[in-house]
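So the sequence shown is numbered by the UniProt record's numbering: it starts at 1 and just counts up by one. Below is one structure, written out as C-alpha cells; the observations come after it.
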Amino acid sequence: MSEKRQVKLGHSIWPEGRHGTGWRRRRHHKVLEGDPDFYRATAQTAERGLFDYFFLGNGEAARLPGKPGPGNREWSADTAANGVVNIADGEHYWTPNGLFKLDSFTANAYVAALTSHIGLVSTFNTTYQHPFNVARQTATLDHLSRGRAAINIVTGRSDDAARNYGFEEQPDGDARWDRAEEFVQILWSLWDGWQDGWYVGDREGGRFLDLDKIHPTAFRGKHFSVEGPLNIPPSPQRRPPLIVAGTSQRSFEFGAKYADVRFIPFADKQAEYYRKQKELAAQYHRDPDDYHLLPGITFYVDETSTAAHARFREIQDLSVVPFDADALGRVLGVDLGGAGPYDKVKDVVDVAAHPGSAWLVKDAFLGFGDEDITLADLDHFVANGPANQVPVVGSGQEVADWIEENFEDRKLDGVVVFPPYQPGSLDAFVDLVVPELQRRGLFRTAYTGTTFREHLGPSATAKTA
1 MSEKRQVKLG HSIWPEGRHG TGWRRRRHHK VLEGDPDFYR ATAQTAERGL FDYFFLGNGE
61 AARLPGKPGP GNREWSADTA ANGVVNIADG EHYWTPNGLF KLDSFTANAY VAALTSHIGL
121 VSTFNTTYQH PFNVARQTAT LDHLSRGRAA INIVTGRSDD AARNYGFEEQ PDGDARWDRA
181 EEFVQILWSL WDGWQDGWYV GDREGGRFLD LDKIHPTAFR GKHFSVEGPL NIPPSPQRRP
241 PLIVAGTSQR SFEFGAKYAD VRFIPFADKQ AEYYRKQKEL AAQYHRDPDD YHLLPGITFY
301 VDETSTAAHA RFREIQDLSV VPFDADALGR VLGVDLGGAG PYDKVKDVVD VAAHPGSAWL
361 VKDAFLGFGD EDITLADLDH FVANGPANQV PVVGSGQEVA DWIEENFEDR KLDGVVVFPP
421 YQPGSLDAFV DLVVPELQRR GLFRTAYTGT TFREHLGPSA TAKTA
C-alpha cells in the first residue's frame, strides 16, 4: 500500500513583505535585507514549522523607483492572467523588493549553520554563471549542511542585469534555455563523476582511491567546455534537487526533464495546468509524483476570519497610490470615466461583460471578504501587485481548508508561503495552519529524514549516479 501524499511546504523570504506596501506597516525603519538576525529568525521559524525548504531568490540588478523593467511596468488584467507581472511604472507603484537582494548562496551558507533539517534553496542565473563553479559551491554547501542544499535555476529577464555583466542586452529566450540545458547537464556530470566505491583507503598497500571509478566530464558544447572531474568528493545528496519556474514552453520542457520542484502560478483552469505539467514529466520517462508543483501564495492568517480580513485591508490601505479612474480602467479593460474612488465596484464594473478582468475583481472580493468594496479598495489591491496569486485570507482552519481542497483536487502538491508583511506572518502560518494540516494527516509531525531529497519523498532519494 502506497504512502498517503503529503503537502510540501516552502518559504520564500521577502524581507520587506511580499506586498508593495507591506514595509510601511513596520514600526521601525530598519532595512531587513541585510539583517542577519532576520534571516536566522525566519529560517528557524520555518524549520519549527517543519517546512521542506527555505528559499532565497537572487537579483543581478537593482530596480530603482520609476524605472521600467520586470516587475515595475504597466500591466493589464489579460497580461497578468498570462503570467506577465507585476505593477505599473511610477514612484508610487514601486516596491522595495527589487532594490536589494543578498547573494542567496552566501546567505544560505550562513543559515545552514543555524538550522539542522530544512532544505536550503539558492538561486543561480545560468546566463551569467559558470556550471563548474556552481557545482563546487553547491556540493560544498551540501556537505556542510549534511545534505540540505538545492538549486533554483533562472535564466534572467533583465537587460540591466546583462549590462552589469558586460552585455548590451540579455540573450533571447531560446538561447538562454539552450545554455541552461548545457548548464544542468554539466552539473549532473560533475556531481556523478565520482562513482560509488572510489575510496579504497588501503593504508597497508598505500592505495587511497580507485582511478577507474573517477570519470571526467569532458563536456564540449556550444556554450561551455568543462573537463572535470569535480575536485570535491560526492556530497550527501550527490545531485542536490533542482527547482525551476517560468511561463514559456521551453521552461515547461526544461522543468519536466530536470527539475524536482516547479514554481507555478495559481489561476483559472489550475487542474488542467497541473495535469499538463505532470503529463509532460511522464513524456520524459519520469514518475509524475516526483515532480512537485508548488504555487507561491501570500497568506493572511489570524485567529479568526474577521481578524485575517482586517489584516488584509490594513495592508491594502497602506497604499499611497493616488486614485486614477482612467489608469484603473485600463488595467480592468473597463471605461471608468467619471467614476469616483468611493463608488462601489459592483455598481460600475460589469464583470460578466468584461471576463478578462473578472478574476481580478473576484480576487479582490475574496481578499477583502466583502463584495461591497469601493474602487479605491480595488485600486489599492491592484497597486499591491496581485498577479498570479489568489489571495488566501482566513483563520488557520480556513487556510488549511483551502490547501487541502486544492491538494486533493490535484491542483498543487503544496505551497510556497510568501509573507505579506514582516515580521509575524510566517509565525501565524506555522502556529495556526501547520497544526491543522497535521491534524488532517496532510503534513509531517516531525522530520523523518535529514536531507532535502528525503523530505521530497522516498523515490526522490534515488537521484544519484
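Think of the CB as a built atom: it goes at the ideal place given N, C-alpha and C, for glycine as much as any other residue. Given the structure is predicted, the values throughout are model-derived calculations rather than measurements.
Handout entry: Neighbourhood of Q6 by C-beta distance below 7 Å, restricted to the same chain and skipping five residues each side
Key = L442, F443, R444
Handout entry: Buried versus exposed call for A112 [16 or more other C-beta atoms within 10 Å across all chains shown]
Key = buried
Handout entry: Candidates F252, K8, F124, P265, of which the one nearest A282 by Cα
Key = F252
Handout entry: L280, enclosing alpha helix (DSSP H) - first and last residue
Key = 270 to 283
Practice task
Just mark R207 as buried or exposed, buried being the case when its beta carbon has 16 or more other beta carbons within 10 Å.
Solution key: exposed
Problem - Cβ-Cβ distance between A149 and I232 below 8 Å - result: no
Exercise for the section: Note down the Cα distance separating I13 from Q389, rounded to an integer number of angstroms. Expected result: 16 Å
Exercise for the section: Pick helix, strand or coil for W402, following the three-state DSSP scheme. Expected result: helix
Exercise for the section: With distances taken Cα to Cα, identify the nearest neighbour of G98 among A62, R275, V399, R313. Expected result: A62
Practice task
Please look up how many angstroms separate the CB atoms of Y291 and A259, rounded, as I've assumed it's under 8 Å.
Solution key: 7 Å
Practice task
With DSSP as the reference, please indicate the residues paired to I264 in a beta bridge.
Solution key: P295
Problem - Y128: first and last residue of the uninterrupted alpha helix (DSSP H) it sits in - result: It is not in any alpha helix (DSSP H) - Y128 carries neither H nor E in the DSSP assignment.
Problem - Backbone CA spacing between Y447 and H455 [nearest angstrom] - result: 8 Å
Problem - Bridge-paired residues (DSSP) for Y165 - result: BP columns for Y165 are empty, so no partner.
Problem - Sheet register partners of F418 (DSSP bridge) - result: T298
Handout entry: Cα-Cα separation between residue 501 and S225, rounded to whole angstroms
Key = With the chain covering only 1 through 465, there is no way to say anything about residue 501.
Handout entry: Backbone CA spacing between F167 and L280 [nearest angstrom]
Key = 34 Å
Practice task
Look up F105 in the DSSP assignment and say whether it is helix, strand or coil.
Solution key: helix
Handout entry: Test: D268 CB closer than 8 Å to a CB of chain D
Key = Considering every chain present, this structure includes no chain D. It has just one protein chain.
Exercise for the section: Assign V434 to one of two classes, buried (16 or more other C-beta atoms within 10 Å of its C-beta) or exposed (fewer than that). Expected result: buried
Practice task
Closer than 7 Å by C-beta to D268: which residues in its own chain qualify, once you throw out the five before and the five after it? Chain order, please.
Solution key: W359
Exercise for the section: Assign K411 to one of two classes, buried (16 or more other C-beta atoms within 10 Å of its C-beta) or exposed (fewer than that). Expected result: buried
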